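Enquirer: Have a look at this one before I ask anything.
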Amino acid sequence: MDLTYTEEEEAFREGLRAWLADVLPKLPAKPAPDDWPGRRAYDTAWQRTLYDAGYGEVHWDASPTRRLIFLEETEKAGAPYVGANFVGLLHAGPTIASEGTPEQRARWLPPVLRGDEVWCQGFSEPDAGSDLAALRTRAWRDGDDYVVSGSKIWTSHAEVADWCELLVRTTPVSEDAPKHRGITWLAMPMDAAGITVRPLRTLAGSAEFAEVFLDEVRVPVGNRVGDENDGWRVTMVTLSFERGTAFVGEVVACRRLLGELAREARANGCWDDAVLRRRLGRLSAEFAALWRLTQWNVSEARRTGGVPGTGGSVFKLRYSHARQELYDAAAEVLGPGALDLDRAWTLERLSSLSYTIAAGTSQIQRNIVAERVLGLPKGR
Amino acid sequence: MDLTYTEEEEAFREGLRAWLADVLPKLPAKPAPDDWPGRRAYDTAWQRTLYDAGYGEVHWDASPTRRLIFLEETEKAGAPYVGANFVGLLHAGPTIASEGTPEQRARWLPPVLRGDEVWCQGFSEPDAGSDLAALRTRAWRDGDDYVVSGSKIWTSHAEVADWCELLVRTTPVSEDAPKHRGITWLAMPMDAAGITVRPLRTLAGSAEFAEVFLDEVRVPVGNRVGDENDGWRVTMVTLSFERGTAFVGEVVACRRLLGELAREARANGCWDDAVLRRRLGRLSAEFAALWRLTQWNVSEARRTGGVPGTGGSVFKLRYSHARQELYDAAAEVLGPGALDLDRAWTLERLSSLSYTIAAGTSQIQRNIVAERVLGLPKGR
Amino acid sequence: MSAPVDFQLTDDQTVLKRGIRDVLEGRFGRDALRAAVDAADAADAADAADAAGSVDNDAAVDARRAPRLDRELWRALGDAGFFSLCVPEGAGGVGLGLPEAVLAFEEAGRVLLPGPAVATFLAAGEVAGAASGEVVVTAVDGGLVPWLAEADVVRGDAAGAVAVRSVDPLTPLHRVPDGPQAPTGAAHVSRATHASRASHVSHASHASLLVAAEQLGSATRTCEAAVQYAQDREQFGGPVGRFQAVQHLCADMLVRAELARVAVYAAAVTQDPLEAAGAKLLADDAAVRNARDCLQAHGGMGFTWESDVHLHLKRAWVRAGLGHTAARAEEELAAAL
Amino acid sequence: MSAPVDFQLTDDQTVLKRGIRDVLEGRFGRDALRAAVDAADAADAADAADAAGSVDNDAAVDARRAPRLDRELWRALGDAGFFSLCVPEGAGGVGLGLPEAVLAFEEAGRVLLPGPAVATFLAAGEVAGAASGEVVVTAVDGGLVPWLAEADVVRGDAAGAVAVRSVDPLTPLHRVPDGPQAPTGAAHVSRATHASRASHVSHASHASLLVAAEQLGSATRTCEAAVQYAQDREQFGGPVGRFQAVQHLCADMLVRAELARVAVYAAAVTQDPLEAAGAKLLADDAAVRNARDCLQAHGGMGFTWESDVHLHLKRAWVRAGLGHTAARAEEELAAAL
C-alpha cells in the first residue's frame, strides 16, 4: 500500500499547477447556464487549450494516477469542467478507442481531443430507465444505412452536439433473442434529417437535459461500432468507465464544499450547535474515505489492467448518499437561506437529488453489489 | 375524534388504581429469572389474584378501552406482567374462544382465567421461521389420536406449561395442497409421552425459550380446534390478535424508561450534550405518537368489530425500531456503563435485538404493509 | 351508556374532510396547480430578465414579481367556511374545533394550496375580513415572511424584510434580517388587534400544528403517488411495485405518514403544546422524507419539472422552517422529560 | 521508472495477511472461540453462585472469575511475530510498518481474538517481554480497563478500578471511577517505561487505528456471514438471499466495510492522526451496524447464544468505547475543517 507519488508524478503535478496558474486568469467569462452555443464554445475552447498544452489526452492516459492528479488539481484550481466534452472524452471516446476500427478511431477521436466535435449520449428512453436493455428505439437496415425511429431522454448537450452515441434495437426481443442481445451501437450525426431535440426541464428549473425524437433517421452502417446486436457488450465498456473515475473531481469538490460550510457555520454562529458540528465532522471522515476509495479503485483497475469494475458501484452508492447528506447539512447551516435560490447551495442541493437515481438508482446499485460482488442468487 | 374517557371508564381506572395500591405491596418477592417453577407459581398466583378481584377476564373484555386502561395502569403501577399466562390469555385462549366448540371452551378457558393451567406455543420451527406456513412437524391419524413427530423452537415456558397450542402438517405440500392448506391446530398436553424440552439460550445469556422435540406424541382428535387442514386460518386469528394490543404495556413502559433515562442523563452530566438531549426529545415524540397509534388502532378495531388488522404491522414496524433506538440512546447516556451486565439497561438492550425479528421480521412486516395495506403487486 | 374513547374520525368529520377535499380539488386541482406554477415561473423569468438588465440593488430585488395569490380562490375558501372553521357560530363562524381545523389543513397540504392560509386562519375573528377570505393575513415566522407582498395584513415586525428568490415556486418569501426568531403569530402584532399572552402561546402552538397538518397531507399524498407510480411503471417485465426495494420504500413512507397522522390528530384533540411540537417534528420528517422517497420511487421521471413531486418537497422544506423547527421541538420535548 | 501510487496490498502484504489469518485460525478457530466462551460462561456462573451466597461487597465483586487469557496462544502469537511486527529488526522485531500492523489487527478482529492485543502490541519494544507474548500489557482507556486482572503490566492509572460484569463474555472489564478519560495508551504510564509526549499522541492515535482495524475485520466477517447465511437459508421456496430486502441489507454491509477498509489502510499509510480518528469513526460504525444487520439477516437463529453474531456485536460495542469514541472523533474532525 503506497500513497506517495513518484518524482515523475510530482513533476506532472507541479507542471500542471504552474500551467493552471498561468492560463486560468486569462479565461473568458463563463457563459450563462442556458446559453448552449456559448457553453459549447467555452467548453471546447478549454479542451483545445488543454490539447495545445499537452493535456488533451489526460483522460485517456495510461496512468490512472496522472488522471487522478489532473482531476484533483483542476478542481482545486477552479478550472472549467469537462462540460460539453463529457460524452466525447469519457463515454463515446473510450468506447470507440476500445471497440472501434482503426478508421473509426482516426475519424472520431482526434476531433474530440482537439475540442472540434461534441458528442451526446442517446441511451435512456422514457420506458427504459433502470431497465436500459429494454430500450425500444428501432433500427432496420436499408442498403448501406440503418433507419432509426424512436425517442431518447436525459440527453445532455443535445442542442449543440455533432454526434450522438446511440443505442438501438436491431433485433426484436423474443425467446431466441433476449433483450440484452439485439442492441447495436451507432454514431449518429446530429444534423441528420428526422432528429428533433426538445429541452427537458428538471426540478432545479434548468434545462440541462433534452429529449431527442428520431423519425426515420438514416445512419450509415459504417457508423456502427462493434457488431450488429453486440451493442450491449460495447456499451458496458463505457458504463463501467463512467462509474470508475468520473467522480474524482466531485469528491475533491465535496471536500472543498465541506470546508466552505464550516467557514459559514463559524461565521453565522451555528458552529456552536454540537449536532451540526459533529455532523460536519462525520461527513469529513466520509469524504476523506471516499477519496481513498477512489485511489483504491484506480489502483485496482491499473493492476487488473482494465477499466474499474464493480468497486464503482460501492463507491457510487456511498458517494451519492453522502453528497445528499452534505447538502442536508448545508441546509441546516444556512437556515432560512437554504430556501433562497440565489444561494448556490440551494440549486446544487436540488441537482443532488438526482445522484441516487441517475446512472443506475441506488436500488440497482445494491442489486449489482449483491449479485456481482457478493455472489447472492439472482434477485426476485 | 375523542380522547376523553367516559365516567364508567374513569371509574374502572380509579377502582383499578386503588386495588393495585392495596394488593401490590402484599406480593411475594419475584423469583429468579431461571427459576421456572417459581416463575410459573408467581405468574399464575397473580392471575388468580386478578381473577378473584374480577380482573381475570380483562384481556378478553369486549371494551378495548378497558383493556387499554388495564395495561396502562398495571404497567405504571409496576404490577407483574402476564408472564407464564401469556399464551393462554393472549394466544391460545382467544383462538379457542373464537374457533373452539362449546365443550372445548368449557374445558380450557376457565383454568386459564383462574391461573390453573399454563399454555405454551408450538408454531415456529428451525426451518420455518419467517415462512411459518412451511412448517414440517407431521401428524397422522391413528384411531382417535393424531400421532405427531417433529420439532418446535422459540417456545416460552415449555418447561412448566400444561398445554401447547401446536401447529402440525396433516397433509403434505403438493400441487393440490399448497403449504397454507394442510395445517392443523392441536392442543397438546405437555405431559404426553414423547415430548422432550431443551432450553434454548439467547444472546442475552438467558434461557427464555426452549426447543420442543416431538417423537410420536399422541394427541386426541378431540383436541383439534377448527377443521383438519384449516389450522392456518385458525392461527391467523391469534396472530393478528398478537400484533394488536400486545404492545400497549410496552409503549407505556418505554415512556417510563425515557423519563428514567433523562433523569440519569441529568444526573451524570451528559444532559449537556445537545446531540443526546435532542435525540431523547425526538424519541419522546415517537413514543407519544406510538401511544396515540395504539389508541387509534384499538378504536378502529372496535369500530370494525374485530381484531386489529394491518394497522398492527405499521405499529410493530415503528415500535420495534424505536425501542431499539431507545436502548442505543441509553447506551450513550450510560457510557462505559452500557457495557455492564449489572445495569438492567444492558440486558434489556440485548433482548430488544429480537424486536425487529420476532413475530415477523421488519422485512416481512414491510411486505405485509406494501401488499395488504398499500395494494402493491405480490412481491418478487 | 356514554361513548368510550373513540380516537377515529366521527362521521361528521369524515364528511367535512371529504367536503373540503372536494372544494379544494374543484378549485385547485392539478391543472390549477400547474397553471399557478407556470405563472410563477413566468414572473421569475421576467425578474431574471430585469435583473440582467439592471444593476443589482435592493430595490430591484424587492420589485421581483412574486406569484400572484388567487384572490378568487381565497374568497371561495372563505365562502366555504375554510378560514372561519373555528370562529364561534355567534361570531359568524362555523364553530368547530381544532380537530376539524387539522383535517382542513391536511387537505390543503395535500393539494399544495398556495398562500398564507395558516396565518389567515388564525387571524379569523381577530382581523376583520380574514374569515371571509377578503383580507389576506401573513405572519413573520422564524425570520421568514411568506407572501409579504401579497398580504393585506402582516402580523409580527417585518421591518427591513428583504425578498428572497424562493425555492418553492408557489411560496414567495421575505427574510427579516437578524431579527429575533419570533414564534409564529406571536410577539409583535401590527396592523391587527392585540391578543393576550396566553393566546400568543396557543397561537404559536396552533400555527405549528396547522403547518404540521399540511405536512401530513403532503406526506400522505406523496405516499399515494409513489404507490400509484409503482403500480403503473413497468421495468424488467412488470410493475416496479413488485420489487421488494420499492415495496419497502413505500411501506416506510406509510409508517411515517401514519405516525404523523395520529400525532397531529391527537395534538388537535388535547391542545397540548408539547404534543403539537412533537406532531410538527414527526410531520416535518414525514413530509420531507416521503417527498424524497417518492422522488426516488419515480426515478428520472420524478426529477422533471413536470412531475409534482418536487413541489411537495420544496413546500415541505419551506414548512419545516415555519413554526417549530426540529431543533426547537426536540429541545422542548427533552426539557419536559 | 519508479512505481506510481499503488493503494493496494503489495504481494508481501497479501502473503503476510494470509499467514496471520492461518496462524489465528489455526490457533483460535471457531472451536477455540466457542470453548473460550464456554469457559468464560462457567466462570460467570460460578461468580453468580458466589454472589448469591455472600453479602454484596466490592471485594466479592472484584473476585469475579474473569475468563482466563490463553497464555499459550499469546506466546504463540509472540513467536509468530504478531506483537513485534513493528519493532525494528535491530531490536529483534519484524521491522514492518503500521500498514502491516493494521492487516494483522484486521485478522485479529475477524476471529474475535480475546486479550489486550492492542496495548501489548504498542508496548512491544518498550515493555520487556511484551514482544514475545510473555508479558501481557493492558492500558486504561476512556475509563475502562480490559483484562486488568490478567495483565502483567498496566499502562495508565488504574487505581480504584472496579470490576464490571462485561457484556462481552471474552473481554473482562474494569471501570476507573470518575477518573479523567485518558486517551488510550497515553498520560500516566506505570510499571513501564516513560515515553515522550509526541510518542503519547502517536500511541493514542495508533491505538485508535488498531482498534479500528479490529472493527474492520469484524465488519468484514459479519458481512461474509450474512451472505453465507443468505445463500444457505431457505424460506418461501428458495435461499433468502434472492430477496431484494436481504440483498440490499448485505450490499449496505459491504459498502460500510469497504469504506472503513480504505479509511483504515490509508490512515496506516499516512499516519495522520485525523485520518486515524476518521477511520475509527467509520470502522466503529461498520462493525456495530454490520453486526446488527448480520443478526437481522440471520433472523431468530442470530438471536441464539450458539450463533457467533452476538459475540461480534458485543465486542464491537466494547471497541467503540476504546480509543476515539464517535463524539471525540467527530469533534476532532470538525475542528480541523
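These protein sequence lines map, in sequence, to chains A, B, C and D. Every letter in the first sequence is one number past the one before it in the numbering used here, and letter 170, counting from 1, is 170. Each number in the numbering used here comes from the position in the second sequence (counting from 1) with 380 added on. Each number in the numbering used here comes from the position in the third sequence (counting from 1) with 760 added on. Each number in the numbering used here comes from the position in the fourth sequence (counting from 1) with 1097 added on. C-beta: ideal position from N, C-alpha, C; glycine also. The structure displayed is predicted, hence computed values, not measured ones.
Is M381(B) helix, strand or coil when you go by DSSP?
Expert: Residue state, collapsed to three classes: coil.
Enquirer: Restricting to runs no shorter than 3 residues, where is the beta strand (DSSP E) found entirely within the region 440-526 of chain B?
Expert: Whole beta strand (DSSP E) segments, 3+ residues: 499-502 and 518-522.
Enquirer: A1005(C) versus chain D: which residues are under 8 Å apart at the beta carbon?
Expert: Q1341, A1342 and H1345, listed in chain order.
Enquirer: Just reading off the beta strand (DSSP E) that C164(A) is part of, what are its end residues?
Expert: Looking at the DSSP string, the run of the beta strand (DSSP E) that includes C164(A) is W163 to R169.
Enquirer: Hey, how far is the Cα of S965(C) from the Cα of A1095(C)?
Expert: One C-alpha to the other measures close to 16 Å.
Enquirer: With D772(C) as the anchor, note down where its alpha helix (DSSP H) starts and where it stops.
Expert: Counting along the chain, the alpha helix (DSSP H) containing D772(C) begins and ends at D771 to R787.
Enquirer: I need the straight-line Cα distance from L1182(D) to R372(A), nearest angstrom please.
Expert: Taking the straight line from one Cα to the other gives about 36 Å.
Enquirer: Indicate the three-state DSSP secondary structure (helix, strand or coil) for W1077(C) in the structure shown.
Expert: Three-state result, W1077(C): helix.
Enquirer: What is the rounded straight-line gap between the Cα of L583(B) and the Cα of C544(B)?
Expert: Each residue's alpha carbon lies about 25 Å from the other.
Enquirer: Run down chain C in chain order and give the residues with a C-beta less than 7 Å from the C-beta of S679(B).
Expert: The answer, in chain order, is V765, D766, F767 and Q768.
Enquirer: What do you reckon, are the CB atoms on V713(B) and A645(B) nearer than 8 Å?
Expert: Contact: yes.
Enquirer: For A1394(D), which residues in chain A fall below 7 Å Cβ to Cβ?
Expert: What A1394(D) touches in chain A: nothing, since even the nearest Cβ is about 11 Å away.
Enquirer: Starting from H1271(D), trace the beta strand (DSSP E) in both directions and tell me its first and last residue.
Expert: From DSSP, the beta strand (DSSP E) with H1271(D) extends over L1270 to R1272.
Enquirer: Counting Cβ pairs, one atom from each stretch, are 3 or more of them under 8 Å apart for the region 1331-1339 of chain D and the region 1212-1227 of chain D?
Expert: Contact between the region 1331-1339 of chain D and the region 1212-1227 of chain D is absent, because fewer than three Cβ pairs lie under 8 Å.
Enquirer: For W1244(D), would you say it is in contact with chain B, using Cβ-to-Cβ distances shorter than 8 Å as the test?
Expert: Chain B, which has no Cβ nearer than 8 Å to the Cβ of W1244(D), makes this no.
Enquirer: Could you pull the start and end residues of the alpha helix (DSSP H) that M1013(C) belongs to?
Expert: M1013(C) -> alpha helix (DSSP H) spans Q1004 to T1030.
Enquirer: Which first and last residues belong to the alpha helix (DSSP H) in which A262(A) is found?
Expert: From DSSP, the alpha helix (DSSP H) with A262(A) extends over V248 to N268.
Enquirer: Quick check: Q768(C) and R683(B), are their CB atoms within less than 8 Å of each other?
Expert: Yes, Cβ-Cβ distance for Q768(C) and R683(B) is below 8 Å.
Enquirer: Less than 6 Å between C-beta atoms, sequence neighbours within five positions excluded: which residues of the same chain meet that for K1114(D)?
Expert: Cβ within range, chain order: L1200.
Enquirer: Which one or two residues does DSSP pair with W565(B) in a beta bridge?
Expert: W565(B) pairs with L547(B) and V605(B).
Enquirer: Thinking C-beta only, is L135(A) closer than 8 Å to I195(A)?
Expert: Taking 8 Å as the Cβ cut-off, I195(A) and L135(A) do not qualify as a contacting pair.
Enquirer: Taking D720(B) as part of the alpha helix (DSSP H), name the residues at either end of that continuous run.
Expert: Element bounds for D720(B): n/a, residue is neither H nor E.
Enquirer: What's the gap between the Cα of Q484(B) and the Cα of A1142(D)?
Expert: Rounded to the nearest angstrom, the two C-alpha atoms are 44 Å apart.
Enquirer: Touching or not, the region 128-146 of chain A and the region 1067-1076 of chain C, by the rule of three or more beta carbon pairs under 8 Å?
Expert: No, they do not touch.
Enquirer: With a threshold of 16 other CB atoms inside 10 Å of the CB of Q1325(D), please say whether the residue is buried or exposed.
Expert: Burial call: exposed.
Enquirer: Which bits of chain A does A654(B) rub up against, with CB to CB less than 8 Å?
Expert: Chain A residues near A654(B): D273, A274 and V275.
Enquirer: By the 8 Å beta-carbon criterion, what residues does the region 1075-1086 of chain C contribute toward chain A?
Expert: Here the close residues are W1077, V1078 and G1081.
Enquirer: Helix, strand or coil: how does DSSP classify K532(B) here?
Expert: Strand at K532(B).
Enquirer: Within 8 Å, do at least three Cβ pairs link the region 1306-1324 of chain D to the region 1188-1208 of chain D?
Expert: Cβ pair count under 8 Å is three or more, so yes.
Enquirer: If I measure Cβ to Cβ from V540(B) and keep anything under 7 Å in the same chain, skipping five residues before and after, which residues do I get?
Expert: Result list for V540(B): W416, P417, R420, A464 and V498, in chain order.
Enquirer: Given that Y1326(D) touches chain A, what residues does it touch there, using C-beta distances under 8 Å?
Expert: What Y1326(D) touches in chain A: nothing, since even the nearest Cβ is about 11 Å away.
Enquirer: Straight-line CA distance for L1009(C) to D1045(C)?
Expert: Approximately 15 Å, taken between the alpha carbons.
Enquirer: In chain order, what residues of the same chain lie with their CB nearer than 6 Å to the CB of S693(B), ignoring the 5 residues before and after it?
Expert: Correct list, in chain order: Q745, I748 and V749.
Enquirer: Should M568(B) be labelled buried (16 or more other beta-carbon atoms within 10 Å of its own) or exposed?
Expert: Under this definition M568(B) is a buried residue.
Enquirer: Would you verify that the beta carbon of R773(C) is, or is not, closer than 8 Å to some beta carbon of chain B?
Expert: One point to set straight first is that residue 773(C) is Gln, not Arg, in the sequence displayed. True, the Cβ-Cβ gap to chain B drops below 8 Å.
Enquirer: Look at the Cβ atom of A921(C), then the Cβ atom of V897(C), and state whether they are nearer than 8 Å.
Expert: No, the Cβ-Cβ distance between A921(C) and V897(C) is not below 8 Å.
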